[in-house]
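Numbering of the sequence shown is given in our numbering, commencing with residue 1 and proceeding in unit increments. Built from N, CA and C at the ideal position, the CB exists for glycine as well. Just so it is clear, the structure is predicted and the values come from calculations on it, not from any experiment. Everything below concerns the one structure shown next.
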Amino acid sequence: MKIKKVEIKRNKLDANFKLYLFLKELNGSIRLSDNEINIFLETYFSNQKLSYKKMLAILINISDEFSDKKKASLLALLYQIKNNIELEVFIFALKLIQIKPLLLAEAKLTEIAGLSKLKNINQLSIEYDTISKGRPYYTRVNGALLSLLFFSKLEEKDSSFISESTEQYITTLFQQYFHLKENGLEPNQMFMLMFSESINQSIISDAGSSYEDRIFNILIGLGIKAENIRKLHDENDSSTEFDFFFKLNGKSYGIGAKRTLRERYKQFIKTAQMSKLDVMIEITLGLDLSEDKAKSIRNHNVYLFVADEIYASKEYLQRIKGIYPAGDLNLKLLKKIN
């Protein structure tokens, strides 16, 4: 069966490119304040009877009043406008930029609400790790669905998602949306490209705690002072770095902490043969911890803590002395092992 060639008309591609360009630049390097956007919108609404060339001249003049950094980027955008439709696309992009923070805040609030699930889950469990790792994906999916919902409201001319005081504003947004759709624009798709980038930036800035951070918090919770916990290389094997080193009741402890072991456990075993530490511990989820690896680690007197779920599901781990479920990590046990 022959597949029909996919073809996008050039004028449609160009129109959507302009919308994405405006959204990308306005959301990126330019970053107009709400007040600056309002200045543009007020000027546009007050002078709509003018030709696009005269309107464009006014907007260019307004841009001259902004900071040098914003002015240069704004002028570069405005000079891209070649007709009345592209001017309308620019104005529509400004409106979407104003609405973006509302959708982003909604996406983040949903994510924050989901964090309450963590309160009764051990921080070193697979369940906790899965929720923690899944946060960025959850936020991206939520953002995509919120964007889809917003544009479906526009399609249905449903203003229930916004207050009555802004009814006139949303009415003009409806009008522009349908007019631009008639001219081949796909605002939802172009907005989502920009919105997903904003979500990704938000995820990076609000990144959750790492596996090592969670262990650090647990150690502090056990009563070990933060200032007494260090990260350092073993003095006899500089190739090995202990994620956590501290002293407790006169004994020295070195802890390696990695979600998965891979081949790193071999380096820790080598260090165990040379190190003068009293206690060496590896903390890992245990997803790649085979019976042979577990026995090899324990044969060198390195203690192992693995996720509760893995410990409970692997009988061979339960049979090997010196391997514990992470949920049993406590001060009493730390003092006991040697």
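When the five nearest sequence neighbours on each side are left out, the beta carbons in the same chain lying within less than 6 Å of the beta carbon of residue 252 are those of 277, 278, in order along the chain.
Residue pairing by DSSP places residue 245 opposite 230, 254 in a beta bridge. Fewer than three Cβ pairs drawn from the stretch 52-71 and the stretch 130-149 lie within less than 8 Å of each other, which leaves the two stretches out of contact. For residue 310 against residue 126, the beta-carbon gap comes to about 7 Å, under 8 Å, which counts as contact.
DSSP, read as helix, strand or coil, puts residue 260 in coil. Contact between the stretch 42-51 and the stretch 5-19 is absent: fewer than three C-beta pairs spanning the two stretches fall below 8 Å. Under the three-state reduction of DSSP, residue 305 is assigned to strand. Annotation: residue 303 to residue 134 spans about 29 Å, alpha carbon to alpha carbon.
In the displayed model, residue 79 falls within coil according to three-state DSSP, outside both helix and strand.
The beta carbon of residue 29 sits closer than 6 Å to the beta carbons of 73 from its chain, once the five residues preceding and following it are set aside; these are given in chain order. Pairing residue 229 with residue 242 gives a Cβ-Cβ distance that is not under 8 Å.
Sixteen is the threshold: since fewer than 16 other Cβ atoms of the shown chains lie within 10 Å of the Cβ of residue 316, the residue is exposed. DSSP places residue 283 within a strand segment (E or B) once states are collapsed to three.
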